[in-house]
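A short write-up of the structure that comes next.
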Amino acid sequence: MDKVETLVDHPHRFEQMLSRTMDTAMTMATTYGLRTVGALIIFAVGWFVARQVQRALIRVGRKSPRVDLTIATFLGALAKYLIVAFTLIAVMASFGVETTSVVAVLGAAGIAIGLALQGTLSHVAAGFMLVLFRPFRVGDAVETAGVSGTVTEVGLFTTEIRNADNVRVIVPNNAVWSGVTKNLSSNSTRRSELEVPIPYGADAATALKMIAEIIAAEPRVLKDPAPVVGVSKFTDVNARITIQVWTVTGAAGAVQLALNTAFRDQLGRAGLLK
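Using my numbering, the first residue of the sequence shown is number 26, and each one after it goes up by one.
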């Protein structure tokens, strides 16, 4: 019977195999290790550049009166995603992947992903429309998609709004673009309407006179257009006096609160409220 030879019987063969294995491992570690380090450096630099470009564009929008902050914010987000995409292609190229093949594959994948994510892409398209037609800008007070507050950012996919409770609300761009939007900051002045109930036993003429005096004493109410005060409705228990006043847009809410408080206090003391 032939003797079965093992590596133990030929230690020099074992040493040669171990040496070749170590050489191969070292070669692979050197080659792919350096490529991995290079890829990490490329990605880190690309990510850093993307963030800096985004911040620079937003800074320009905030500091320059000639550049709209809404457009600057949107372009900043777009530039960031584009730079990151090119960075990822460069990372793959550092591993020897053919970039032309990568672009072709990404193009085909983009079509497939686009069909699968039509809703998501509609938010991007809506974002472009919001930036192009600008129904509102960053800093405007708006009512849209069931949310009211101040616009803080118009991004690629979403619009950020800070509501009256200082809560950050994220609204999909498509919901904003496809719905009704009220821009409360588009005009420099704004009309506010208030209602005061006067019981039938009260002197309406006295109530109207007191209301006019309260309005005249409020310095934030504009003289032009002039305030309008009159009885607008009769119910089973009282008559309703409607008050229409004009203020600068930013003071509308505060003026309404001040007038309602004054009406309650002064008309209440005179027994003209129910």
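Here a beta-carbon is modelled for each residue, glycine too, at the ideal position from N, C-alpha and C. Keep in mind it's a predicted model, so treat the numbers as computed, not measured.
Taking the straight line between their C-alpha atoms, what separation do you get for residue i and residue j?
i           : j           : result
residue 154 : residue 205 : 14 Å
residue 82  : residue 170 : 28 Å
residue 105 : residue 189 : 30 Å
residue 91  : residue 152 : 21 Å
residue 238 : residue 245 : 14 Å
residue 167 : residue 60  : 51 Å
residue 255 : residue 78  : 57 Å
residue 193 : residue 164 : 14 Å
residue 186 : residue 76  : 22 Å
residue 281 : residue 250 : 17 Å
residue 222 : residue 176 : 36 Å
residue 162 : residue 86  : 11 Å
residue 295 : residue 286 : 14 Å
residue 62  : residue 80  : 27 Å
residue 262 : residue 228 : 14 Å
residue 264 : residue 212 : 33 Å
residue 243 : residue 253 : 14 Å
residue 89  : residue 103 : 20 Å
residue 300 : residue 74  : Since the first and last residues shown for the chain are 26 and 299, residue 300 lies out of range.
residue 93  : residue 247 : 30 Å
residue 178 : residue 293 : 45 Å
Thinking C-alpha only, which one of the options is nearest residue i?
i           : options            : result
residue 149 : 68, 88, 196, 218   : 196
residue 159 : 218, 215, 95       : 95
residue 11  : 73, 202, 166       : Within the shown structure, residues of the chain are numbered from 26 to 299, placing residue 11 beyond reach of any answer.
residue 191 : 199, 200, 173, 198 : 173
residue 71  : 102, 85, 289, 116  : 116
residue 199 : 282, 146, 93       : 146
residue 266 : 89, 249, 120, 225  : 225
residue 67  : 264, 276, 119, 281 : 119
residue 257 : 248, 62, 268       : 268
residue 236 : 291, 121, 93       : 291
On the CB-based measure, 16 or more other CB atoms within 10 Å of its CB, does residue i come out buried or exposed?
i           : result
residue 259 : exposed
residue 297 : buried
residue 98  : buried
residue 288 : buried
residue 284 : buried
residue 101 : buried
residue 69  : exposed
residue 241 : exposed
residue 277 : buried
residue 107 : exposed
residue 279 : exposed
residue 65  : exposed
Following a CB-centred definition, is residue i positioned closer than 7 Å to any heavy atom of the ligand SAM?
i           : result
residue 211 : Among the components modelled here there is no ligand, and therefore nothing to report on the ligand SAM.
Contact criterion: CB-CB distance below 8 Å. Does residue i meet it with respect to chain D?
i           : result
residue 243 : Within the model displayed, chain D is absent; a lone protein chain is all it includes.
- [ ] Only counting runs of 4 or more residues, tell me where the alpha helix (DSSP H) segments fall wholly within the region 59-129, in order along the chain.
- [x] 94-119
Open item on the list: Any contact between the region 207-224 and the region 268-278? By contact I mean 3 or more CB pairs, one from each, below 8 Å.
Closed with: yes
Open item on the list: Between the region 106-113 and the region 182-202, can you find at least three pairs of beta-carbon atoms closer than 8 Å?
Closed with: no
- [ ] Count the C-beta pairs between the region 206-213 and the region 225-245 that are closer than 8 Å, then say yes if the count reaches three, no if not.
- [x] no
- [ ] Scan the region 217-243 and note each continuous alpha helix (DSSP H) run of 4 residues or more that stays entirely inside, going in chain order.
- [x] 229-241
- [ ] Just list the alpha helix (DSSP H) runs in the region 134-193, keeping only unbroken ones of 4 residues or longer that don't cross its boundaries, in chain order.
- [x] 143-158
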